[in-house]
Structures are given as C-alpha cells and as structure tokens.
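Residue numbers (our numbering): 19 to 110. Report on one structure; see the data block that follows.
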C-alpha cells in the first residue's frame, strides 16, 4: 500500500471518528436539555404541592401550631409523624 493510500485511509478513519464523537456530544446535549426541562417541571410541581400543603395545614390547625410547624426545617417529617395526633386533638 502506498503512503498516499495509507494517509487517505487514516484521514477517512479520523473523519469518521470525529463525526461519531460529534454525534455523541449532540445526543448528550439534547438529553441534558430534556432532563433539565423535566427537573424544572418537577421543581415547579413540588413548589405547588408544598404551597397547597401549607395552605391545608393552615386551614386544619390553629395559627400558632401551623406557624410552629411551618417555620421548622424538619417540618415535613414532623407533619407526617404528628399530623394524625394533631388532627385528633384539635379537630375531634
């Protein structure tokens, strides 16, 4: 095989590898964009759910009790654990 044929073969292989890599980068970028959109939608849904839960908590419990739970960082855990007790105590 002559030197020019070898160089042509090497150049064509290099071009194919660059094209393949470009395609992989494009696919990865598109997936990252779609995942980012999905994450933003999920965050918006979580904010809306949190807002609705806070409103429900304010409607169910007295103001001072709801205020206590809403100010604390671990309020979500406490609400899940103590909400049945609070509902029995204050509602019934």
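Even glycine gets a Cβ: it sits at the ideal position worked out from N, Cα and C.
When you compare only the Cα positions, how much space is there between residue i and residue j?
| i | j | result |
| --- | --- | --- |
| residue 110 | residue 80 | In this prediction, residue 110 has a pLDDT of 49, which is less than 50 and means its spatial position is unreliable; nothing more can be read from the coordinates. |
| residue 82 | residue 53 | 40 Å |
| residue 49 | residue 39 | 15 Å |
| residue 67 | residue 41 | 39 Å |
| residue 31 | residue 69 | 57 Å |
| residue 44 | residue 51 | 11 Å |
| residue 23 | residue 37 | 21 Å |
| residue 56 | residue 75 | 28 Å |
| residue 34 | residue 63 | 44 Å |
| residue 58 | residue 65 | 11 Å |
Output the boundary residues of the alpha helix (DSSP H) element that contains residue i.
| i | result |
| --- | --- |
| residue 49 | 21–78 |
Below 8 Å on the Cβ atoms is my guess for residue i versus residue j; work out the distance and round it to an integer in Å.
| i | j | result |
| --- | --- | --- |
| residue 72 | residue 88 | 6 Å |
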